[in-house]
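In this note's numbering, the protein residues as written are 3 to 195. Note that the Cβ used here is the ideal one computed from N, Cα and C, for glycine as well. Take a look at the structure set out below.
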Amino acid sequence: MMLPMSETDPQPLPAVPASPDRRGLILGVGALAASAGVGMAWWRSRPGAVVSAAEPVPGFWDLQWSTPGGTPLWLKDFRGKPLLINFWATWCPPCIEELPLINAFFNKNHANGWQVIGLAVDKPASVQAFLQKMPLDFPVAIDALAGSDLGRELGNPSGSLPFSVALNAQGVIVQRKLGRLKQEDLDLWAQLK
């Protein structure tokens with residue numbers, strides 16, 4: 003129910019026409035926004051800069067890391083099949099807890115096309131010593147600094163560990179998980195080819 007207005011209630015203010023200075027400011031901001039949009043469209047369409055839906059971040063498939071044995075691991079070698087990338091470290095207890103689950107996921111689903119990379123955001127010597135105690139069947143790469151940056155670009159703004167990303171065979175991110183993976187997560191992810 004609406005009450006009638008009393009004489010002491012404030013009356014609506016009349017509309018104030020925009021001054022020429024204000025209109026110029028509004029038009030200037032609009033022109034600046036349009037220019038930025040045109041500039042962004044040009045930037046994305048320049049030769050060699052097109053990022054397809056199958057590349058989660060620019061240059062993703064061109065990334066290369068070192069394995070604990072010192073050999074290169076090229077991400078492009080994993081293109082075209084579903085891929086789970088797990089960001090972990092030896093000093094991270096939840097990371098260590100989930101590694102046996104990820105290893106079992108790899109062994110169970112590798113024949114179905116699934117690939118797994120464990121990207122250790124750690125020191126090479128620590129990872130080498132850890133893998134002597136707990137060998138993993140999937141490839142492990144090491145990149146302490148760039149690994150954190152990649153995790154942020156893939157949807158982990160805090161850079162916290164563990165962090166996992168699942169990509170389908172077309173290279174599109176279909177799942178992300180910050181924190182320890184559980185069996186239920188991996189069972190669901192196995193269906194996302």
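Check your understanding: Between which two residues does the alpha helix (DSSP H) containing W191 stretch?
Key -> The residue given as residue 191 occupies position 189 in the sequence shown. Residues 185-192.
Review point. Could you give the distance in angstroms between the alpha-carbon of Q172 and the alpha-carbon of R81?
Key: Along the sequence shown, read from residue 1 onward, the residue named residue 172 stands at position 170. Along the sequence shown, read from residue 1 onward, the residue named residue 81 stands at position 79. Roughly 8 Å between the two C-alpha positions.
**Study point:** V174, buried or exposed, once every other Cβ within 10 Å from all chains shown has been counted against 16
**Key:** Stepping through the sequence shown from its first residue, residue 174 is reached at position 172. V174 should be labelled exposed.
**Study point:** Whole-angstrom distance between L101 and L133, CA atom to CA atom
**Key:** The count along the sequence shown starts at 1 and reaches residue 133 at position 131. The count along the sequence shown starts at 1 and reaches residue 101 at position 99. Rounded to whole angstroms, L133 to L101 spans 11 Å at the Cα level.
**Study point:** Paired residues, beta bridge with K179 - DSSP
**Key:** Your numbering for residue 179 matches position 177 in the sequence shown. The partner list for K179 (beta bridge, DSSP) reads S166.
Practice item. Go ahead and pull the three-state DSSP assignment for L29. Key: Looking up residue 29 in the sequence shown gives position 27. Residue confidence is low: L29 scores 46 on pLDDT, short of 50, so the model does not pin down where it sits. No coordinate-derived value is stated.
Review point. Buried or exposed: W90, going by 16 or more other Cβ atoms within 10 Å of its Cβ?
Key: The residue given as residue 90 occupies position 88 in the sequence shown. By the neighbour-count rule (16 or more Cβ atoms within 10 Å), W90 is buried.
Check your understanding: Name the DSSP beta bridge partners of Q66, please?
Key -> Your numbering for residue 66 matches position 64 in the sequence shown. DSSP, once it has assigned bridges, lists W76 as partnering Q66.
Review point. Of the choices Q185, A131, A122, L147, whose alpha-carbon is the least far from that of C94?
Key: Sequence index remark: in the sequence shown, residue 94 carries index 92 (1-based). Closest by alpha carbon: A122.
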